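Asks: In this note's numbering, the protein residues as written are 170 to 477. Quick reminder that beta carbons are idealized off the backbone N, C-alpha and C, glycines included. Computed from a predicted structure; not experimentally measured.
The following block contains the structure:
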């Protein structure tokens, strides 16, 4: 799939938490799109690229703050470049048929935006285009699933947090198979925004986030991607050990779909967890409990083979 885009120059460079951050932009069609790059342009060649897609009503830098800049550590060892992309008016044009936020109603081409960022960083930061990984939370997770179906050739792997696959009648890419790739899924059982068990969001959440339609459950989503990867074995469950001092009334179960010569799919079920990203930084209490037995950025690095 080809998309027109034009590269713009860099905006001011700033340093944060010991990392180099560049605010950059690229023209996609007639629109300038912005994103934040963590990692040095003169770093080691053939680094991996981690694309971070934020949730609704956020932008890239808010996502960085929301997670305590945890993903930045993946760039610290010069093994990867981390990019926080900015959605359109706080949203991504994901593949849910009944979305009605501006990114959908204005038909924003976020697939082209993603491609443009990859192409630019392949030149400016010498990333390996065969090692591009997408990480998305909530609406950003929905955007990652759209990329997995429409342009799987762009990605070497995907991580989806607090988002589940739209049901077939609600999925714009329902007739397109996802490309085989390793998939990491994380979801809380007490997520009050995106239900772990699937179905429709509650009335207030549908109105607030301007979405509608059914979605699959988190286990159904994992099984779907496992089947897409050609895995015929059942998932194997295990309990993740508690970390000293984690507390919070949550626990984690790991379900791994693995088969020889097939990309793995792993679902981390956070029992008692809310619409949150497990890790050092706790989300606001209104989103539910944040588990600290697992740290999402560390899982991403381990799962995709990126040293911290």
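Quick check: what's the CA-CA separation for residue 244 versus residue 288?
Replies: Each residue's Cα considered, the two are about 19 Å apart.
Asks: Distance check for residue 232 and residue 222, CA to CA, integer angstroms please.
Replies: Rounded to whole angstroms, residue 222 to residue 232 spans 8 Å at the Cα level.
Asks: Distance, Cα to Cα, residue 364 vs residue 211?
Replies: Going by the C-alpha atoms only, they are around 43 Å apart.
Asks: Anyone know if the C-beta pair for residue 229 and residue 204 falls short of 8 Å?
Replies: Yes, the Cβ-Cβ distance between residue 229 and residue 204 is below 8 Å.
Asks: Using DSSP with H/G/I as helix, E/B as strand and the rest coil, what is residue 203?
Replies: Strand.
Asks: Would residue 216 be called buried (16 or more neighbouring beta carbons within 10 Å of its own) or exposed?
Replies: Buried.
Asks: Buried or exposed for residue 193, going by 16 or more other Cβ atoms inside 10 Å?
Replies: Per the 10 Å Cβ criterion, buried.
Asks: Could you check what DSSP says for residue 179 in three-state terms: helix, strand or coil?
Replies: For residue 179, the predicted model reports a pLDDT of 42, less than 50, meaning its position is unreliable; a value from the coordinates is still stated below. Residue state, collapsed to three classes: strand.
Asks: For my contact list, residue 386 and residue 459 are in at a C-beta cut-off of 8 Å; report their separation, rounded to the angstrom.
Replies: Going by Cβ atoms, the distance from residue 386 to residue 459 rounds to 21 Å, so no, they are not a contact pair.
Asks: Would you kindly report the start and end of the unbroken alpha helix (DSSP H) that includes residue 445?
Replies: Residue 445 -> no alpha helix (DSSP H), and no H or E assigned at all.
Asks: Can you give the beta carbon distance from residue 443 to residue 359, rounded, assuming they're within the 8 Å contact cut?
Replies: About 6 Å; that satisfies the 8 Å criterion.
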